Amino acid sequence: MPRWGNRSAAQHGYSGPAAAGTEVHQTNSWRRSRGGLILQQFCYLHAGQKQVVEVSAGAALQMPSKGSEADFQDQLRCQWLKGCGWSLEAASGKLGRPLPWVKQFWEQELPSRAPAGMPPFIRDYELRMLRSGLEPFRRPELHRGFLEKSKCTGLYESCLQGLPWEQAVMRRRNHYTGEVTKTEIESKRQDCTLPGLHTGLPVLDEALERARRELNIKDPGAYLTCNWYPDGQCHIAPHFHDFWSAILCLGISRIFLLEEEPLLLGEGDLLVFGTQKHSLPKMPDVSEGRISICIFWYPERSAPTKEIKLWADSAAVGATAGGDMTALVLQALAQQGLGGEVVSTRAGSVHDDEDSDDDFMLAQVLAQS
């Protein structure tokens, strides 16, 4: 069972199997039909403001185009398609861009600066993806009912009782370097990290193995991070990953924000995405729990690295004396075609993004980058 920190199980909203559910709490929504889909109205908090949205549990994934960010992404995809041997005409169709637009960027050098709103470490990661021969800016996929309803029955409770839950702490990520700093501040959620894609729960492990095959996950270092949100007061603030993610949802349906677009994820749904900004906002009307089983992996890795030698200019090393060597380490890794996440326990800088109730600091940092 989870370790509760200073709070009891009752305070966390868990009272045994009855606490879990696959239907949305009706105090939070009303239903109506549009185009064959059942729409529900939900309330959630974003940037400290109440938001009301109508969504459907059966809706397909739709991602908006965002001006300069979409242009930057497609410029990199132009180079990737060119390297894959695509013609200008075929690339134009693939990207949904006019032929003159594609031709403009077909021979250009790669952009050296990320657009406003994109952290530099995300830009650098996607450039590494391009150099590795992989499509940059992986487009998200939503697999509704990846785990069928019959296999979901009782799985929330099995995970709650069978996984090695610990009290989660808040983290900060530096949006220039990508460094993650663990604080000692307790979060309202519980979590656990498991090496490999194995939990010891047969039904869940079968689903994870199928996800590994279908998503072609070859990274031997792929691992699981599981999050338990006892109720709608538990959340994850907006953030980015410089790796790929697949999230399997169990328990109550919740709104998930992907590039700030609301998406209703229900029990058994699997969401796959790359470096897109994402979050799980607060939903104060939700009193039941949700568990996210998250697969994290680096698609550019297909074999273990037994030995890594990092080389850096002596002047660069000297310049970091007494300071932060994160950028230097990540740069040395990138020179060998590798990525990574540098985690420390020291206090974060003023440029770090805390897992807080809103993303004001994140917006402030991005405005400066």
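Following the numbering used here, the numbering of the sequence shown begins with -10 at its first residue and continues without gaps. Where a beta carbon is used, it is the ideal one built from N, C-alpha and C, also for glycine. In this text the structure is predicted, and so the values were computed from the model without any measurement.
Per DSSP, which one or two residues make a beta bridge with W286? Within the sequence shown, residue 286 is the residue found at index 297, counting from 1. Per DSSP, W233.
Proximity winner among V41, L28, I27, L26, relative to P273 (alpha-carbon distances): Within the sequence shown, residue 273 is the residue found at index 284, counting from 1. Looking at the Cα atoms, V41 is the closest of the given residues.
Excluding the 5 residues preceding and the 5 following L144 in the sequence, name in chain order all residues of the same chain whose CB lies nearer than 7 Å to its CB. Locating residue 144 in the sequence shown gives position 155, where the first residue counts as 1. Excluding residues within five positions, the ones whose Cβ falls inside 7 Å are V192, L193, L239.
May I ask which residues mark the beginning and end of the beta strand (DSSP E) holding E130? One-based indexing of the sequence shown puts residue 130 at position 141. Here the beta strand (DSSP E) through E130 covers 130 to 132.
Classification of Q15 by the beta-carbon crowding that lies within 10 angstroms, buried from 16 upward: In the sequence shown, residue 15 corresponds to position 26, counting from 1. For Q15, the predicted structure reports a pLDDT of 38, less than 50, and the residue's modelled location is therefore unreliable. The matter cannot be settled from this model.
Does the beta-carbon of P125 have 16 or more other beta-carbons within 10 angstroms, so that it is buried, or is it exposed? Taking the sequence shown and counting its residues from 1, one reaches residue 125 at position 136. P125 is buried by the Cβ-count criterion.
Could you pull the start and end residues of the alpha helix (DSSP H) that D63 belongs to? Looking up residue 63 in the sequence shown gives position 74. First-last of the alpha helix (DSSP H) with D63: 56 to 72.
Quick check: the Cα distance between F285 and F229, rounded to an integer number of angstroms? Here residue 285 refers to the residue found at position 296 when the sequence shown is read from its first residue. Here residue 229 refers to the residue found at position 240 when the sequence shown is read from its first residue. Taking the straight line joining both Cα atoms gives about 13 Å.
Per-residue burial, A79 [other beta carbons within 10 Å of its own, 16 or more giving buried]: Locating residue 79 in the sequence shown gives position 90, where the first residue counts as 1. Classification for A79: exposed.
Limits of the unbroken alpha helix (DSSP H) element including Q150: Here the question's residue 150 lines up with position 161 in the sequence shown. Unbroken alpha helix (DSSP H) run through Q150: 144 to 151.
Can you give me the start and stop residues for the alpha helix (DSSP H) that A196 sits inside? Here residue 196 refers to the residue found at position 207 of the sequence shown. For A196, the uninterrupted alpha helix (DSSP H) segment begins and ends at 191 to 203.
So, does the region 97 to 113 touch the region 156 to 170, judging by three or more C-beta pairs under 8 Å? By the Cβ criterion, the region 97 to 113 is in contact with the region 156 to 170, since at least three pairs of Cβ atoms, one from each stretch, lie closer than 8 Å.
Ordered along the chain, which non-local residues of its own chain (more than five positions away) have a Cβ less than 8 Å from that of L88? Here residue 88 refers to the residue found at position 99 when the sequence shown is read from its first residue. Answer for L88: L77, E78, S81, listed in chain order.
For G85 and R120, I'd like the C-alpha separation in whole angstroms. For this step, residue 85 is matched to residue 96 along the sequence shown. For this step, residue 120 is matched to residue 131 along the sequence shown. Taking the straight line joining both Cα atoms gives about 23 Å.
Taking only three categories from DSSP, how would you classify S240? Numbered from its first residue, the sequence shown carries residue 240 at position 251. Before going on, a small fix: residue 240 reads as Gly here, not Ser. Strand, per DSSP.
Tell me, to the nearest whole angstrom, how far the beta carbon of A235 is from that of A200; I am working on the premise that it is less than 8 Å. Here residue 235 is taken as the residue at index 246 of the sequence shown, counted from 1. Here residue 200 is taken as the residue at index 211 of the sequence shown, counted from 1. Correct: roughly 6 Å between the Cβ atoms.
For F110, the first and last residue of its enclosing alpha helix (DSSP H): The residue labelled residue 110 in the question sits at position 121 within the sequence shown. Where F110 is concerned, the enclosing alpha helix (DSSP H) stretches over 109 to 120.
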